[in-house]
Each structure stands twice: as C-alpha cells, then as structure tokens.
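**Student:** Once you've had a glance at the structure underneath, I'll fire off some questions.
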Amino acid sequence: MTATLIEGRGLVRRFSRGLDAAEKLARVLGANISEETVHAVEGVDIAIRQGEVLGLVGESGCGKSTLGRLLAGLLPLTEGTLLWQGKDVASLSRSEALEMRLAVQVIFQDPMSSLNPRKRVVDLVGEAPRVHGLVRAGEVDDYVAELLEKVGLDPSYRKRYPHQFSGGQRQRIGIARALAVKPRLIVCDESVSALDVSIQAQVINLFMDLREELGLTYLFISHDLSVVKHISDRVAIMYLGRVVETAPADTFFAAPNHPYTAALLRELPSVKERRRDFTPIRGEIPSPLHPPSGCAFHPRCPRIFTPCAQARPALEPIADGHLSACHLNQAAAVSLTAGGSA
Amino acid sequence: MIPVLVVENLETQFASSAGLVRAVDGVSFSVDRGEILGLVGESGSGKSITGFSILGLIEPPGRVAGGRILFQGEDLVGLPTERLRRLRGKKIAMIFQDPMMTLNPVLSIETQMVEAVLAHDAVSREEARVRSRDALGLVGIPSPEERLKAYPHQFSGGMRQRVAIAIALLHKPDLIIADEPTTALDVTIQGQILFEVRRLASEFGMALIWISHDLGVVASLADRIAVMYAGRIVETGATDDVLDRPAHPYTRGLMEALPANAMRGERLHPIPGLSPSPLARPAGCAFRTRCFAASEVCKQEPKQQGSGHSFRCHHPLLPGVAA
Chain A
1 MTATLIEGRG LVRRFSRGLD AAEKLARVLG ANISEETVHA VEGVDIAIRQ GEVLGLVGES
61 GCGKSTLGRL LAGLLPLTEG TLLWQGKDVA SLSRSEALEM RLAVQVIFQD PMSSLNPRKR
121 VVDLVGEAPR VHGLVRAGEV DDYVAELLEK VGLDPSYRKR YPHQFSGGQR QRIGIARALA
181 VKPRLIVCDE SVSALDVSIQ AQVINLFMDL REELGLTYLF ISHDLSVVKH ISDRVAIMYL
241 GRVVETAPAD TFFAAPNHPY TAALLRELPS VKERRRDFTP IRGEIPSPLH PPSGCAFHPR
301 CPRIFTPCAQ ARPALEPIAD GHLSACHLNQ AAAVSLTAGG SA
Chain B
1001 MIPVLVVENL ETQFASSAGL VRAVDGVSFS VDRGEILGLV GESGSGKSIT GFSILGLIEP
1061 PGRVAGGRIL FQGEDLVGLP TERLRRLRGK KIAMIFQDPM MTLNPVLSIE TQMVEAVLAH
1121 DAVSREEARV RSRDALGLVG IPSPEERLKA YPHQFSGGMR QRVAIAIALL HKPDLIIADE
1181 PTTALDVTIQ GQILFEVRRL ASEFGMALIW ISHDLGVVAS LADRIAVMYA GRIVETGATD
1241 DVLDRPAHPY TRGLMEALPA NAMRGERLHP IPGLSPSPLA RPAGCAFRTR CFAASEVCKQ
1301 EPKQQGSGHS FRCHHPLLPG VAA
C-alpha cells in the first residue's frame, strides 16, 4: 500500500452567526434566542493515499465542499487533526506549512468566478510561481506557454482575458493555474459539473492524462456519480456532514452497504434505463442547523430500527477497505455470533 | 389523432450589434396527447428558446421570424396578446429551471395559486383555494392545507419546484413545457419529481415537452427524443431508436462522450472542437467542422430523412439507409 499523503482525524467545521444587537436585547428581555450553528462537517476521518483518486460524493449541503476546503487549508478547522505526510499540520514550521499550501491546489466549479476578469492569462497562471520563486520573472512567459500547452490551450492565447474563452477553455486555465505551483494533491470541487457533455469528456481526459504524466493525487468532489465512477479509485459518500461509507470504486457501485448509498445509486437516471419507474427516497435532506439525532439518515431510511435514532453509528470496516456507518452491520454481526440461539 | 402541438419551420432570431443570431433555425416537431418529448442539446443549441417561442415569451430584440406553431390547430405565431393570455396557464403551462422565476417572493403560496385559478375560471375564492390545496397534494407536498399559508422562502428547492409544478397543473393543461426543471435539484429530490411527473402525465393525458441537457434524465422519462444542435433538430425519434441506434454523428458523439457509456478509467471519447458561435455557423450542416464523417457534400444543407426516426445528415450511421 502506498503512503498516505493527507489524513484528517475527527475533522469538525461549524459555522455560527453571532447575534445582532436586536437579538441580544431580545435575549436579555427573556426571549429564547440562541446562536444558530451550521454543522457543515461533523467528525470526519478521511485519508488520501499518494497517487490515488478519491471521489467524494453527496448531495448539496452535505459538507463535501467544506471538507475539500479544510483539506486544502482554505478554511481553519473547528476541531480535529490534519496530517500532511504523517505530520500534524498544526506543528509544521513556517516553510513546511508554505510548502504544503503549494502542494495542495483547488480547481473550482465556476472558472469565471475564480479567475480575475481583469487579468490576462499570463498573469493569472504566472503570478503564483513567480511570487513563490519557482520561476524567475524573465521566464514566466515561457513557463506559462508551456503550461497552456500541457492543458490543451494554444499558448498564443496567453495575452487574452478570461472572458475571451469558452467555459471549457476557462476551466483549462484554472487547471493550468493549479499546476503552475507544482502541486501533489489537487482538490477538484465540481470542476466538470458546469460543462456540456462533450466538453466535460475532454476535461476528464485531461485530468486522467495529467495524473499519469505528473503522478498527481486527486480529491474529486462531485454530485455526478457517473463522473466519479469513471475517474475514482476509491469513493467516499457524505450525508449531513458525515462520511457514511467509503469503499474501492468497484465495490462502492456494485455492492453498496449503507442504505443511503444504495438509495442514491438507485435514483440515478441512466441512459441505459428507459421510461423507468422511480422509487423515490422519502422526505427532504434535513437542515444542517438541526441535524437529526443518532444516524443522520434515520428519518428517511427504509430500514430504520431501534438504535438508529439514539446512537450515532461509527464508520467501521465491513470488508477490506470498505467502511460503513450503519447500525444494521452491528446487528448483523450480533445475530451471526448469536447464531443458533436466535 | 391530431397532435396537441405541431411546430413547423420555427425561426427565432435575435438582433445584436454583432449581427443576427439565428437561435432557432427552422425547427419542426410535434407532440401527441399523453406523450413526453425530450428536447435535448448542449448550451446554446436553442432548446430553451424553442420552448419560450411556443409560449410567446420572446421579447425584443428577439422575435419569431418565421414558421408556424399549431396548438390544437390554432397558429400561436402572431396571435393577439389577449388570446395568448387565455391560453397560457390554462391550456399551456411552463415549468422553469428556477422555481423562483415562477413564484413571487412576497406573496403566500395561497394568494399566488388562487390568483392563478381566478385568472381563468369564474369560481368562488373558496373553490379556488380548495383546488390549490388539492394541486399541492397531487405533487406530493405533505399537509397541503397548512403549506398553503407559507411563503416561497419557507420551502426547500425541491418543494418550491413542486409548488411550481402544482401551479402548472391547476388548470389541467393540455401541454406542459418544462425547461430543465430538475437540473438544480439533488438526485434524491430529482427522483421524487420525475416519479410525480410521469404519474401525472399518464393520469391526465397531458403532452409534455421536457427540455434538458441531461441525457440520463431524458432517457428515463421521454417517449420520444429530439436532439438539437446549433438551432436545428438534427435527429428525432423514439427514445430507444435515437439513443441505441443514433443516425446522426452528433447524437452518437454525445452518447460516446458520456462517462456512463465508457469502461471505468478508460479514456472518454469527446466530440472534437467546440460548438460554433451562433454568429459564425458553418454553412450547410453546422456539425460538419466537428464530424468524422464530413465530406464535400456536407457544405450543402442536409434534408430531413426518414419518418418516425428522422435525421438531417448526408452520412447517416444507420445501416441500410441510403445516404
């Protein structure tokens, strides 16, 4: 097994909004008002190995983007420990921390809002490596030309502005910018979701080529399961701030364990299934302001039983490399050991 | 049986400083009662503008420049606004991608729905309220009686889209045009909506035009599919025919580009190049600059061939069809 590149233990990220003056006054006067807290990431253990593609899936509001940002160091942790190549990030020296910052890069969903519209491509892509001393000022132009070529853009376009490119081309600029600082881990946050089918395929191919050429590691965040299935070695699925299942991609799609994973895979429209009947999961995704007790999925779960509302199930191994957080697995194990008496 | 809707040679154009944009460039199709037609294409292909044109929602600098839109035999092009207003919401309804386009944020759901009922039917307020409540129940909104009192911001995205669908259903229209109605929704919520829509379409015998870029959604829902590229329908036919035996190289290209149709980890097969700018479309077949089968003859406009499963291509991929 290859070395673990980055690991999070018990990661927690909450967002709270302080009370405004009127609300504080109301509280003094006896109104029952307290700070509202969004539980975006609520105790996640995750590890990404050198050279692998980990797919991170889940529905909107499940915390997958927040988790990606925590790993990339774009957001501070509320609780938990982040390890970079086995070392606690909190204890890294200044230069080591800087090195890690450069080694983890993010590619966002909407390139138009992540590229400064008033800068030319050569500056967008070339600024970071120049500032960090990776290339000398005089060599930036050639360096950017080389990067553009690598991501499949005509190097002669480097004097242009972002609005002069199509959506797919802009996403390539975002990729070139991430590659410019020689990263080891790239967090792709819905990086191909906004693209048309034919362009999406071009960019996915580019991701796979770059992985091979540069030995990159990816955290591939997407709500699109067919894309994740295609590109990932392993998949983790989140629900309401928690990872509920993680498995090698083959196992994940062929033999999901968690009822939520199974339901999500069943809901997925596919070009192979025609005029099918949908068997919808009941109910709505609960608000992360007030997550349900116990297992967060229990109000919607078709297989709910006694412990689900009471205790939060731990993410536990059920097979080699396959982890799931569901009380059914414990119940199954118990009934197996109970054996003949049942 | 005459189709509910027949569109013939529809042309919708937008005047711009850079030139005339032919957003919809000679589109023809029809939809029968109880039928779900999936209108698919990539961004900029003209699929939404086609839907907007049918409802008379094109505003200057855009205009419907040619063709006919026959709804139950009556041509909607050039129809007086007053007459169109009698049809819209009553006989033809639309569901948009963003339900907040349909819903007024400062009015309660009840006010908006009752208004929509009274706009077309001379019934009492109480009766309108009962109909609104029943429509909410129909689309699977729990405790519709209480929810009538709520405002749009008190609903989740999926629930808002259900309200928008309920409003579209108020008058049991003969035709519903749905423009990417589940694109912004999560998979589990999308599954719920698709389930309701299928049930309602078959229950009421409505004709439905489902506009989407998502082939997976359209495949699981539609009876027939029309594929648009650069303002034209390049292929249309029964869902299975179009997706399993595509005749147009563009349709096949779309199918082959899908990760779901590739082996895991294998290279995908994107269509080379980019969609042409609507201001600089290649003459003849607009797809020829990206097409592997293109030849000299493609510089001429391909005629529509075939009935049932029809396509516009000089080099169709079907075996046994003369080019």
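Sequence lines, in order, name chains A and B.
Read in this note's numbering, the first sequence has 13 at position 13, and its numbers run on one by one without any break.
Heads up: take any position in the second sequence, counting from 1, add 1000, and you land on this note's numbering.
The C-beta atom is built at its ideal place from N, Cα and C for all residues, glycine as well.
None of the values given here were measured: they were computed from a predicted structure.
(1) State the Cα-Cα distance for the pair I1054/B and V1027/B, rounded to the nearest angstrom.
(2) Interface residues of chain A around D1186/B at Cβ under 8 angstroms?
(3) Look at the alpha carbon of E1042/B and the alpha carbon of A1293/B, and state the distance between them as a whole number of angstroms.
(4) Using the rule of at least 16 other Cβ atoms within 10 Å of the residue's Cβ for burial, across every protein chain shown, is E36/A buried or exposed?
(5) Report the rounded CA-to-CA distance for L1148/B versus M1100/B, giving the unit in angstroms.
(6) Measuring straight from C-alpha to C-alpha, what distance separates D1186/B and S222/A?
(7) Going straight from the alpha carbon of Q1072/B to that of T1289/B, what length do you get?
(8) Mapping the DSSP letters down to three states, classify S341/A as helix, strand or coil.
(9) Specify, as a first and last residue, the run of the beta strand (DSSP E) that F220/A falls within.
(10) By a C-beta neighbour count over all protein chains shown, 10 Å radius and 16 as the cutoff for buried, is T1236/B buried or exposed?
(11) Mind checking the region 1210-1241 of chain B against chain A and listing, in chain order, the residues whose C-beta falls within less than 9 angstroms of any C-beta there?
(12) Would you mind telling me which residues of chain A sit closer than 9 angstroms to S1016/B, beta carbon to beta carbon, in chain order?
(13) Out of N205/A, I281/A and A128/A, which one is the CA nearest neighbour of R303/A?
(14) Are F1014/B and G1062/B close, meaning C-beta to C-beta below 8 angstroms?
(15) Which bits of chain A does A1207/B rub up against, with CB to CB less than 8 angstroms?
(16) Should Q202/A be flagged as near chain B, meaning a C-beta pair shorter than 8 angstroms?
(17) At which residues does the beta strand (DSSP E) containing L45/A begin and terminate?
(18) Could you pull the DSSP bridge partners for S1212/B from this structure?
(19) Out of curiosity, what's the CA-to-CA distance linking G1051/B and M1113/B?
(20) If the cut-off is 8 angstroms on Cβ atoms, which residues from the region 3-25 of chain A count as contacting chain B, listed in chain order?
(21) Going by DSSP, which residues form a beta bridge with S1310/B?
(22) Is the shortest distance between the beta-carbon of P1270/B and the beta-carbons of chain D less than 8 angstroms?
(23) Quick check: the region 236-255 of chain A against the region 311-320 of chain A, are at least 3 beta-carbon pairs closer than 8 angstroms?
(24) Among all the DSSP beta bridges, which residues are the ones paired with F1014/B?
(25) Only counting the same chain, and skipping five residues up and downstream in sequence, which positions put a Cβ closer than 6 angstroms to that of V89/A?
(26) How about R1085/B: is its C-beta nearer than 8 angstroms to some C-beta of chain A?
(27) Give, in chain order, every unbroken run of the beta strand (DSSP E) that is at least 3 residues long and sits entirely within the region 1082-1138 of chain B.
(28) Does the beta-carbon of R136/A have 16 or more other beta-carbons within 10 angstroms, so that it is buried, or is it exposed?
(29) Would you mind stating whether R13/A and L54/A have Cβ atoms separated by less than 8 angstroms?
(30) Between the C-alpha atoms of A72/A and E190/A, what's the straight-line distance to the nearest angstrom?
(31) Name the DSSP beta bridge partners of E1008/B, please?
(32) Where do the N-terminal and C-terminal ends of the beta strand (DSSP E) with I318/A fall, by residue?
(33) Report buried or exposed for L1208/B, applying the criterion of at least 16 other Cβ atoms within 10 angstroms of its Cβ.
(34) Can you give the Cα-Cα distance for L25/A and S16/A, rounded to whole angstroms?
(35) Please name the residues in the region 180-199 of chain A whose beta-carbon is closer than 8 angstroms to at least one beta-carbon of chain B, in chain order.
(36) Closest to G1284/B by C-alpha separation, out of S1132/B, R1312/B, G1140/B and A1247/B, would be which residue?
**Tutor:** In terms of the structure at hand:
(1) 12 angstroms
(2) E59, S60, H223 and I285
(3) 21 angstroms
(4) By the neighbour-count rule (16 or more Cβ atoms within 10 Å), E36/A is not buried but exposed.
(5) 16 angstroms
(6) 12 angstroms
(7) Between the alpha carbons of Q1072/B and T1289/B lies a gap of roughly 39 angstroms.
(8) Because S341/A sits at a pLDDT of 42, beneath the cut-off of 50, its placement in the model cannot be relied upon, and the point is left open.
(9) T217 to I221
(10) buried
(11) Answer in chain order: H1213, D1214, L1215, G1216, V1217, V1218, A1219, S1220, L1221, A1222, D1223, T1239 and D1240.
(12) Taking the beta carbon of S1016/B as reference, no residue of chain A falls within 9 angstroms; the closest one sits roughly 16 angstroms away.
(13) I281/A
(14) yes
(15) Near A1207/B there are no residues of chain A at all, since even the closest Cβ is about 16 angstroms away, more than 8 angstroms.
(16) Interface residue (Cβ-Cβ distance to chain B less than 8 angstroms): Q202/A is classified as such.
(17) Here the sequence assigns Asp to residue 45/A, which means Leu is not the residue at that position. Start and end: E36 to R49.
(18) V1040/B
(19) 23 angstroms
(20) none
(21) T1236/B
(22) Absent from the structure is chain D; the protein chains it does hold are A and B.
(23) yes
(24) Bridge pairing for F1014/B: V1021/B and G1062/B [DSSP].
(25) L82
(26) Answer no: the Cβ-Cβ gap between R1085/B and chain A never drops below 8 angstroms.
(27) 1092-1095
(28) exposed
(29) no
(30) 15 angstroms
(31) R1068/B
(32) E316 to A319
(33) buried
(34) 19 angstroms
(35) D196, V197, S198 and I199
(36) R1312/B
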